[in-house]
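Worksheet: the structure to be examined is printed underneath.
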Amino acid sequence: MDVRGRARAWAGLVVVAALCGCGGTPPGDPGDAGVDSGPRTYVAEPFEPTDATRAYCGARDDAAIEARITELLSELTVDEKLSMLSGAAIAIIGRSWLVPGVPRLGIPGLHMLDGPRGLSSFTRVPATAFPVAMMRGATWDPELERRVGAAMAREVRSIGVDVLLAPTMNVLRHPRWGRAQETYSEDTHHMGAMAVAFIEGVQSEGVLASAKHYAVNSIEDTRHDVDVRIDERTLREIYLPHFRRAVVEAHVGSVMSAYNRVNGLYCDLNAHLLTEILKDEWQFAGFVESDWILGTHGDVESIRAGLDIEMPSDLRFRRLRAALASGAIDERELDRSLRRILRAQLCFGLDEWEHDDVDDPSQRLTPEHRALAREVARRGIVLLRNEAAAPPTDAAALPIDAAAVSRIVLAGRNADVENIGDAGSSSVLPDEVVTALEGIRARAGAGVEVTHLTGTSLDAAGEAAVRAADVVVIVTGLTTEDEGEGEIAGGDRESLALGAAEVALIRAIGAIHDRVVVVLEGGAAILTSDFEDEVEALLFAFYPGTRGGEALAEVLFGDAAPSGRLPFSIPRAESDLPAFDNVSPVVTYDYFHGYRHLLNEAVAPAHAFGAGLTYTTFSYASPAVSAGTIPADGAIVATVTITNDGPMRARETVQAYVTAIGSRVPRSRRDLRGFAQVELDPGESREVEITLRAEDLAFWDEAAGAFEVEAIEYELALAHDAIDPGVTARFRVE
Ligand code: BGC
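According to my numbering, the residues represented by the sequence shown are 3 to 736, in order.
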């Protein structure tokens with residue numbers, strides 16, 4: 003079958019999986035070849051716990067668990083073992099994808115469900131639709147993200163799910179990637195901080211997170227086959243460090259391998275990624291499951307490369323039975339994967355709670371979860387422009403004083419759309435969505451007339467309404483039609499530009515009104531250069547979840563000062579970024595993309611990575627570092643005093659960018675290596691501290707096959723965004 007044919011077949015299977023109640027191969031089906039599973043005298047090998055397995059197991063008695071696993075591996079029949087290595091059916095059974103357990107031995111199995119913005123709509127169970135991960139990335143607030151992870155875990159656990167198929171943590175190499183909204187960032191450090199917090203939040207509720215898609219997965223239209231060629235340094239420094247943090251810092255329960263190939267090998271066959279790096283170097287103690295249906299390409303080869311579970315059914319792994327019978331694989335090799343699967347179940351205590359027929363609606367759509375969705379949306383909205391409306395006032399266009407306006411016009415394609423994000427595997431079915439129009443109307447109050455203009459051209463009545471308005475808000479951008487998961491939803495974007503009709507509408511309104519606010523919705527960068535000069539204010543509102551309209555109103559009316567910062571760069575033109583190739587079977591990912599690429603090429607962005615305005619101004623003073631010289635395994639504490647010089651309480655995100663001076667390898671002009679937030683009243687000052695580890699300054703030495711922290715001088719800039727010079731301090735590594 004050609005690539006398109008395979009993709010079509012896959013899409014059909016996914017629809018079946020989501021909608022029908024039919025099963026796949028039943029657990030324990032004899033399959034193609036017989037293996038004697040009668041009485042046995044098999045004795046499994048014992049396992050000595052390591053620091054990594056101990057850390058993975060958390061507070062539970064890991065030594066006792068490993069000993070119990072050894073007993074179980076001796077008692078399980080071969081049929082039972084085989085059934086535990088793959089999902090039970092292509093379809094969701096009950097409300098999750100099931101990896102069978104073995105009830106006679108008290109093994110609970112695994113119950114998996116998406117995903118990155120809440121309990122999956124595949125279940126048809128209404129749930130809280132949180133803002134998409136990219137908007138949560140824009141909060142730059144790991145503590146808030148930890149709360150989101152915990153809330154999502156409570157919702158999925160309420161229907162018996164114990165593995166949440168999130169976070170998506172693939173680097174946004176290019177904003178045309180259809181699943182951009184599912185991930186957090188174009189930057190590995192920022193991504194790592196957010197993903198670690200999310201995983202810790204999820205796992206604090208006894209649910210395993212799944213770090214996906216490992217690795218280098220950031221194109222939709224060719225996702226099942228594309229071969230990403232990448233040199234080891236780029237892989238190690240740009241595409242893997244956040245996955246490492248998920249394993250080493252957050253002890254993530256599981257990892258999902260990606261569909262694509264990396265350097266010629268499909269990820270499930272890629273022993274370099276799965277075994278050498280993930281399991282050996284990082285000492286990952288949990289299990290790896292494949293991505294769905296077309297994500298497993300071998301049986302014995304995949305197991306040997308490091309894949310532990312084929313999802314969602316045994317399309318390939320059913321051949322393991324014959325392989326065992328012929329001696330092509332040994333049962334002890336399977337035990338290695340089974341130990342990981344059992345460790346996950348026992349270390350997370352999945353045998354201590356009921357999964358089947360569980361339903362606790364009191365844990366879903368709670369007032370706290372709805373309020374959290376609103377808080378995150380408010381915190382993630384990014385203000386990108388706020389110019390003075392024309393005379394007689396020189397005040398900035400925002401915030402809007404509800405008491406001082408009597409007419410507001412709302413226009414744009416998303417003004418009254420329940421625009422909460424992708425229709426693919428990350429989709430959620432909320433019981434309410436507050437649109438921008440609804441949120442603004444409610445906040446403006448009875449004394450303000452809010453007129454909604456539909457369509458993309460201004461007729462005479464529309465023009466009159468615009469001219470009579472005190473302020474015009476245009477809510478536009480992208481929808482599920484423009485971007486989303488491959489085959490089952492929107493796929494990759496065709497361009498970074500906003501639709502021509504929407505640009506024309508903005509320009510037409512901008513030409514006749516001097517207080518025009520544009521709100522862009524979408525997963526990642528949308529070009530603004532075509533219309534930005536025509537309007538007074540510009541905000542990026544992503545896909546803001548179930549209470550997005552209320553959050554937008556809070557920011558527009560100044561109930562809260564905006565605090566979101568871009569987790570990606572917005573270029574002035576698409577040609578300013580590396581090319582996005584979602585057609586070729588082989589693509590090359592080189593070292594530079596995003597802000598690093600723009601800095602390297604000396605091309606100014608329209609809006610920089612990290613950028614975002616608010617209704618006050620901050621000044622930075624007295625930068626200092628705790629030591630002039632640190633050892634290669636040491637750390638340094640940077641401090642800077644931040645003062646709120648303006649009229650309103652607001653939050654500032656201080657970003658720490660490092661420049662390696664005189665490095666012997668080409669480096670980015672700057673790398674984000676830390677960030678911290680502070681919320682200050684007008685006139686208030688506070689010292690902000692950011693700790694940087696020397697090991698995070700290392701580069702991957704191809705010849706040595708290891709990271710090296712260079713003994714050179716480093717400049718640290720404490721700055722507002724990726725292009726702000728900020729205030730600087732220097733230190734050396736010895
Ligand atoms: C997606 C995964 C998702 C899985 C199950 C796949 O198509 O790539 O992210 O977890 O389906 O829905």
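Cβ atoms here follow ideal geometry from the backbone N, Cα and C, with glycine treated the same way.
Nearest CA to the CA of F570: which residue from A700, L720, L386?
-> For the residues A700, L720, L386, the minimum Cα distance to F570 belongs to L386.
Which one of D683, L674, E736 has the shortest CA to CA distance from H244?
-> Ranking the options by Cα distance to H244, first place goes to L674.
Answer yes or no: the CB of D494 versus the heavy atoms of the ligand BGC, is any distance below 7 angstroms?
-> Proximity of the beta carbon of D494 to the ligand BGC is not indicated: no heavy atom of the ligand is located closer than 7 angstroms.
Grouping DSSP H, G and I as helix and E and B as strand, with all else coil, what is E291?
-> In this structure, E291 counts as strand in the three-state DSSP scheme.
Mind checking A526: buried by the 16 CB within 10 Å criterion, or exposed?
-> With 16 or more neighbouring CB atoms inside 10 Å of its own CB, A526 falls in the buried class.
Check whether the Cβ of W284 lies closer than 7 angstroms to any heavy atom of the ligand BGC, and answer yes or no.
-> Flag unset: Cβ of W284 not near the ligand BGC.
Nearest-angstrom Cα distance between Y216 and F286?
-> Rounded to the nearest angstrom, the gap between the Cα atoms of Y216 and F286 is 13 angstroms.
Among A91, L74, L75, I201, the one whose alpha carbon lies nearest that of Y58 = That would be I201, whose Cα lies nearest to the Cα of Y58.
Residue environment, I663, which counts as buried when at least 16 other CB atoms sit within 10 Å = By the 10 Å Cβ count, I663 comes out exposed.
Using beta-carbon positions only, say whether V419 and T437 come within less than 8 angstroms of one another.
-> A distance below 8 angstroms separates the beta carbons of V419 and T437.
Round the Cβ separation of R318 and S304 to the nearest angstrom and send it over; I've been treating them as touching at under 8 angstroms.
-> Rounded, the Cβ-Cβ distance is 7 angstroms, consistent with contact.
Any non-hydrogen atom of the ligand BGC within 7 angstroms of W179 CB = No - the ligand BGC has no heavy atom lying nearer than 7 angstroms to the Cβ of W179.
Classify V585 as buried or exposed, calling it buried when 16 or more other Cβ atoms lie within 10 Å of its own Cβ.
-> Burial check for V585: the Cβ neighbour count within 10 Å stays below 16, so the residue is exposed.
Cβ of H515 within 7 angstroms of any heavy atom in the ligand BGC?
-> Not one heavy atom of the ligand BGC lies closer than 7 angstroms to the C-beta of H515.
Please classify A713: does DSSP put it in a helix, a strand, or coil?
-> Coil, per DSSP.
Can you tell me where the alpha helix (DSSP H) with F701 in it begins and where it stops?
-> Careful: F701 lies outside any alpha helix (DSSP H), inside the beta strand (DSSP E) at 701 to 703.
If you draw a straight line from the C-alpha of R334 to the C-alpha of A252, how long is it?
-> R334 and A252: Cα-Cα distance of roughly 29 angstroms.
Let me know the secondary structure DSSP gives N388 once reduced to three states.
-> Three-state result, N388: strand.
Quick one: is T456 near chain B, going by C-beta distance under 8 angstroms?
-> Reference to chain B is not applicable here, since this structure consists of a single protein chain.
Is the distance from the Cβ of V257 to the Cβ of A213 below 8 angstroms?
-> For V257 and A213, yes; Cβs fall inside 8 angstroms.
Since F733 sits in a beta bridge, which residues does DSSP pair it with?
-> Note: F733 sits in a beta bridge opposite Y716.
Is any heavy atom in the ligand BGC found nearer than 7 angstroms to the beta carbon of S738?
-> Look at the range of the chain in this structure, 3 to 736, and you will see that residue 738 is not part of it.
Whole-angstrom C-beta distance between L210 and V165, which should lie under 8 angstroms = Taking 8 angstroms as the upper bound for CB-CB distance, V165 and L210 are in contact here, some 5 angstroms apart.
Can you tell which of D143, V477, V452, L87 has the C-alpha that lies nearest to the C-alpha of A413?
-> Of the candidates D143, V477, V452, L87, the one whose C-alpha sits nearest the C-alpha of A413 is V477.
What first and last residue would you give for the alpha helix (DSSP H) that runs through F620?
-> Run containing F620: none in the alpha helix (DSSP H); it sits in the beta strand (DSSP E), 620 to 627.
For A626 and V656, believed in contact at Cβ under 8 angstroms, the rounded distance | Not a contact, Cβ separation roughly 13 angstroms.
D116: beta carbon under 7 angstroms from a heavy atom of the ligand BGC?
-> True, at least one ligand heavy atom lies under 7 angstroms from that Cβ.
Rank A375, V639, V589 by C-alpha distance to the C-alpha of R148 and give the top, closest one.
-> Cα-wise, what sits closest to R148 is A375.
Of the residues S339, R372, G524, T456, which one's Cα is nearest the Cα of S88?
-> Nearest to S88 by alpha-carbon distance, out of S339, R372, G524, T456, is S339.
Would you kindly work out how many angstroms separate the C-alpha atoms of W179 and T43, rounded to a whole number?
-> If I take the Cα positions, the gap works out to 53 angstroms.
Under the three-state DSSP convention, the category Q285 falls into | Shown here, Q285 sits in coil according to DSSP, grouped into three states, outside any helix or strand.
G120 to G551 span [Cα, whole Å] = So the alpha carbons of these two residues sit roughly 19 angstroms apart.
Could you pull out every residue in the same chain whose Cβ sits closer than 6 angstroms to the Cβ of A35, ignoring the five residues on either side in sequence?
-> With a pLDDT of only 44 at A35, under 50, the local geometry of the prediction cannot be trusted, and the value read off the model is given with reservation. Apart from the 5 residues on each side of it in sequence, A35 sits with its Cβ closer than 6 angstroms to the Cβ of R323, A324, A327 in its chain, given in chain order.
G426 versus D723, V711, D561, A182, residue with shortest Cα-Cα distance = For G426, the nearest C-alpha among the options comes from A182.
Count the other CB atoms, across all protein chains shown, that sit within 10 Å of the CB of G464; report buried if there are 16 or more and exposed otherwise.
-> Looking at its Cβ environment, which holds 16 or more other Cβ atoms inside 10 Å, G464 is buried.
Under 8 angstroms, do Q205 and G255 count as touching if we go by C-beta distance?
-> For Q205 and G255, yes; Cβs fall inside 8 angstroms.
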